[in-house]
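Asks: Residue numbers (the numbering used here): 4 to 352. Glycine is no exception: its CB is placed at the ideal position from the N, C-alpha and C atoms.
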Amino acid sequence: MYEQGVIRPPSEASSLLVRVTRNCPWNQCLFCPAYKGTKFSKRTVEEVKKDIDAMAEEYKGYTIRTAFLQDGDTLILKTDDVLEILRYLKEKFPSIERITSYARAPTLRRRTVEELKKLKEAGLTRIHVGLESGSATILKMVKKGITPDDIVIGGRHVKEAGMELSEYIMPGIGGKTLSEENAVETARLLNLIEPDFIRVRTFAMHPMSPMNKMVKEGIFVPMTDDEIVKEIRMLVANLNAMHSYFSCGDFSLNLLMHVDGWLDEKKDYMLKELDAFLSLTKRQRQAYSLIRRSSYMNYPVSIVLDKGVMERIEPEIERIEKAGEGAFDRYIWELMSYQLPQPQTDNWQ
């Protein structure tokens with residue numbers, strides 16, 4: 004038997020999952036349910052090696068190409084310990100071509116480029132980082148525990164070491180009040196870092212999230228799908244046409260999953276697709292939101308230009324709106340919350 008954590012990036016769906024730490028060392032972000040109610044702990048090298056031995060026995064005869072080191076911040080371990088784990092993993096699975104991990108920006112800032120180069124040489128080829136927002140105000144509001152400087156310096160360390168860097172951003176995390184700041188400042192940091200991947204994670208609020216209290220107090224005003232698309236449009240417009248892959252397609256909470264591609268090749272295409280949605284009538288935008296939020300399927304914006312589709316969906320929109328002002332938006336937010344990962348306990352403080 005061996006341990007496994009609760010989450011991994013979508014791009015690591017087929018990867019061998021090797022648990023190096025348990026949970027998240029910070030675990031205070033107001034928007035994240037993944038590790039709430041749990042304590043962080045570091046696993047020993049010997050514990051991890053025993054797990055790798057068990058995996059090697061279970062997958063004997065299989066060709067394993069990729070592995071992901073769990074949980075939230077592998078590089079918080081001593082560099083020598085991570086190196087030993089990487090080398091042992093490669094020894095037991097010689098067919099592995101890519102090893103990746105989550106890491107927090109402050110941890111990457113503390114790691115020297117030389118340390119990261121050693122990890123790269125040992126097989127750690129890609130780092131996933133939760134940037135979320137480039138706004139210092141928003142980062143503080145959601146208790147992210149990092150600064151814009153942490154994000155830029157940590158990201159540059161990864162790039163200078165020759166590793167691939169995947170930065171995760173969260174449109175909507177600033178609410179209506181800070182939407183423009185979120186778009187502009189996030190784009191500014193990304194332009195400074197030039198990560199290999201920019202992965203979009205549209206903000207949705209878990210029913211147990213403490214951010215619900217911020218909504219009641221008027222501190223945070225949730226955004227509609229229309230407003231978030233406008234924010235993403237502003238973000239993309241402010242990004243340089245750099246060789247970074249802008250990805251909406253690997254996360255079902257992104258409304259327009261087809262807005263996807265290399266910025267230096269498809270920036271104009273992505274802006275055109277965002278504008279295509281924004282140019283729809285209000286009722287057509289509502290219809291598209293309802294269709295998308297009611298399933299995990301991706302649909303072209305043109306689906307709501309079909310008269311037959313609109314005739315079938317409009318009565319449902321009208322039924323929802325009978326519940327009062329803002330009822331449609333509340334219904335959409337509820338549908339989105341169902342797709343969020345669940346906390347490991349109900350103790351979300």
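(1) Do Met173 and Ser340 count as a contact pair if the criterion is CB distance below 9 Å?
(2) Under 9 Å, do Ser297 and Asp228 count as touching if we go by C-beta distance?
(3) How would you call Gly157, buried or exposed, if buried means at least 16 neighbouring beta carbons within 10 angstroms?
(4) If we require 4 or more residues per run, which alpha helix (DSSP H) segments fall completely within the stretch 92 to 167?
(5) Under the DSSP definition of a beta bridge, which residues are partnered with Trp265?
(6) Cα-Cα, which of Lys39, Val21 and Tyr62 is closest to Glu50?
(7) Expressed to the nearest angstrom, what Euclidean distance is found between the alpha-carbon atoms of Glu167 and Arg129?
(8) I need the straight-line Cα distance from Pro210 to Pro97, nearest angstrom please.
(9) Check this for me: beta carbons of Cys27 and Ala16, under 9 Å apart or not?
(10) Report all residues from its chain with a CB closer than 7 Å to the CB of Asp84; omit the five preceding and five following residues, and keep chain order.
(11) Can you find at least 3 beta carbon pairs, one from the stretch 249 to 261 and one from the stretch 276 to 283, that sit closer than 8 Å?
(12) Give me whichever residues DSSP pairs with Val203 in a beta bridge.
(13) Got a sec? Which residues, its chain only, sit under 7 Å from Met58 by beta carbon, not counting five neighbours each side?
(14) Around the Cβ of Met300, are there at least 16 other Cβ atoms within 10 angstroms (buried) or fewer (exposed)?
(15) Hey, would you say Thr180 sits closer than 9 Å to Val224, going by beta carbons?
(16) Verify whether the separation of the beta carbon atoms of Lys270 and Ala244 is less than 9 Å.
(17) Hey, out of Lys52, Glu170, Arg236 and Glu234, whose CA is closest to Ser104's CA?
(18) Out of curiosity, what's the CA-to-CA distance linking Met226 and Thr205?
(19) Helix or strand or just coil, what does DSSP make of Leu181?
(20) Checking 9 Å against the spacing of the C-beta atoms, do Leu134 and Leu192 come in under that value?
(21) Using the Cα positions of Ser14 and Val262, report the straight-line distance between them to the nearest angstrom.
(22) Measure the alpha-carbon distance for Lys325 versus Asn185 and round it to whole angstroms.
(23) Assuming Leu80 contacts Val161 under a Cβ cut-off of 8 Å, what Cβ separation, rounded to an integer in Å, is found between them?
(24) What three-state label does DSSP hand Ala326 in the structure shown?
(25) Please report how far the alpha carbon of Asp153 lies from the alpha carbon of Ile323, in whole angstroms.
(26) Taking Gly8 as the reference, give the member of Cys32, Gln31 and Lys42 with the closest Cα.
(27) Is Arg288 near the ligand MN, in the sense that its beta carbon is under 8 Å from a heavy atom of that ligand?
(28) Establish whether the CB of Pro109 and some CB of chain D are separated by less than 9 Å.
(29) Using only alpha-carbon positions, find the residue among Ile316, Leu308, Val304 and Gln289 that is nearest to Gly329.
(30) Nearest to Ala164 by CA position, among Lys146, Pro213, Ser138 and Leu111, is which residue?
(31) Which term fits Asp267, buried or exposed, when burial requires 16 or more other beta carbons within 10 angstroms of its beta carbon?
(32) So, with DSSP's three-state summary, where would you put Thr227?
(33) Look up Ala59 in the DSSP assignment and give the residues it is bridged to.
(34) Where do the N-terminal and C-terminal ends of the alpha helix (DSSP H) with Arg288 fall, by residue?
Replies: In short:
(1) Here residue 340 is taken as the residue at index 337 of the sequence shown, counted from 1. Here residue 173 is taken as the residue at index 170 of the sequence shown, counted from 1. Met173 sits away from Ser340, with the two beta carbons spaced by 9 Å or more.
(2) Here residue 297 is taken as the residue at index 294 of the sequence shown, counted from 1. Here residue 228 is taken as the residue at index 225 of the sequence shown, counted from 1. No.
(3) Working through the sequence shown from its first residue, we reach residue 157 at position 154. Buried, since its Cβ has 16 or more Cβ neighbours within 10 Å.
(4) As for any alpha helix (DSSP H) of minimum length 4 sitting wholly inside the stretch 92 to 167, the runs are 108 to 113, 116 to 125, 139 to 144 and 151 to 163, ordered along the chain.
(5) Reading the sequence shown from its first residue, position 262 is the one you call residue 265. For Trp265, DSSP records a beta bridge to Tyr248.
(6) Looking up residue 50 in the sequence shown gives position 47. Measuring from the Cα of Glu50, the nearest candidate turns out to be Val21.
(7) Here residue 167 corresponds to residue number 164 of the sequence shown, with the count starting at 1. Here residue 129 corresponds to residue number 126 of the sequence shown, with the count starting at 1. Take the alpha-carbon of Glu167 and the one of Arg129: they are about 4 Å apart.
(8) Here residue 210 corresponds to residue number 207 of the sequence shown, with the count starting at 1. Here residue 97 corresponds to residue number 94 of the sequence shown, with the count starting at 1. Distance from the CA of Pro210 to the CA of Pro97, rounded to the nearest whole angstrom, comes to 44 Å.
(9) In the sequence shown, the residue the question calls residue 27 occupies position 24. In the sequence shown, the residue the question calls residue 16 occupies position 13. No; because the gap between Cβ atoms is not below 9 Å, this pair is not in contact.
(10) What you label residue 84 is simply residue 81 of the sequence shown in a count that begins at 1. Counting only Cβ-Cβ distances below 7 Å, and skipping sequence neighbours, we find Val48.
(11) Counting C-beta pairs closer than 8 Å gives three or more between the stretch 249 to 261 and the stretch 276 to 283, which meets the contact rule.
(12) Here residue 203 is taken as the residue at index 200 of the sequence shown, counted from 1. Answer is Ile172, bridged to Val203.
(13) In the sequence shown, the residue the question calls residue 58 occupies position 55. Only Tyr5 and Leu19 meet the Cβ criterion.
(14) Position 297 of the sequence shown holds residue 300. With fewer than 16 other Cβ atoms within 10 Å, it is exposed.
(15) Within the sequence shown, residue 180 is the residue found at index 177, counting from 1. Within the sequence shown, residue 224 is the residue found at index 221, counting from 1. Yes. Within cutoff.
(16) Within the sequence shown, numbered from 1, the residue matching residue 270 stands at position 267. Within the sequence shown, numbered from 1, the residue matching residue 244 stands at position 241. Cβ atoms of Lys270 and Ala244: closer than 9 Å.
(17) By one-based count along the sequence shown, residue 104 stands at place 101. Among Lys52, Glu170, Arg236 and Glu234, the Cα nearest to that of Ser104 belongs to Glu170.
(18) Within the sequence shown, residue 226 is the residue found at index 223, counting from 1. Within the sequence shown, residue 205 is the residue found at index 202, counting from 1. So the alpha carbons of these two residues sit roughly 10 Å apart.
(19) As a working mapping, residue 181 is identified with position 178 in the sequence shown. Three-state DSSP puts Leu181 in coil, outside helix and strand.
(20) Walking along the sequence shown from the start, residue 134 turns up at place 131. Walking along the sequence shown from the start, residue 192 turns up at place 189. In this structure, Leu134 places its C-beta atom within 9 Å of the C-beta atom of Leu192.
(21) Taking the first residue of the sequence shown as position 1, residue 14 is located at position 11. Taking the first residue of the sequence shown as position 1, residue 262 is located at position 259. Rounded to the nearest angstrom, the two C-alpha atoms are 17 Å apart.
(22) Sequence index remark: in the sequence shown, residue 325 carries index 322 (1-based). Sequence index remark: in the sequence shown, residue 185 carries index 182 (1-based). Their Cα atoms are separated by approximately 33 Å.
(23) Taking the sequence shown and counting its residues from 1, one reaches residue 80 at position 77. Taking the sequence shown and counting its residues from 1, one reaches residue 161 at position 158. Beta-carbon to beta-carbon, Leu80 and Val161 are separated by about 16 Å, too far to satisfy the 8 Å threshold.
(24) Start at 1 with the first residue of the sequence shown, and residue 326 comes out as number 323. It is coil, neither helix nor strand.
(25) Mapped onto the sequence shown, residue 153 falls at position 150. Mapped onto the sequence shown, residue 323 falls at position 320. Rounded to the nearest angstrom, the two C-alpha atoms are 44 Å apart.
(26) The sequence position of residue 8 within the sequence shown is 5, counting from 1. Closest option to Gly8, judged by alpha-carbon separation, among Cys32, Gln31 and Lys42: Lys42.
(27) With respect to small molecules bound, the structure shown includes none, and the ligand MN cannot be examined in it.
(28) The chain labelled as chain D is not found in the depicted structure, where only one protein chain is given.
(29) Start at 1 with the first residue of the sequence shown, and residue 329 comes out as number 326. Gln289 is the residue among Ile316, Leu308, Val304 and Gln289 whose C-alpha sits nearest the C-alpha of Gly329.
(30) Counting from one through the sequence shown, the residue named residue 164 turns up at place 161. Comparing Cα positions, the closest option is Leu111.
(31) By one-based count along the sequence shown, residue 267 stands at place 264. Per the 10 Å Cβ criterion, exposed.
(32) Mapped onto the sequence shown, residue 227 falls at position 224. When secondary structure is reduced to three states using DSSP, Thr227 falls in the coil class, being assigned neither helix nor strand.
(33) The residue you call residue 59 lines up with position 56 of the sequence shown. DSSP, once it has assigned bridges, lists no residue as partnering Ala59.
(34) Walking along the sequence shown from the start, residue 288 turns up at place 285. If you look at Arg288, you'll find it in the alpha helix (DSSP H) that goes Lys285 to Arg296.
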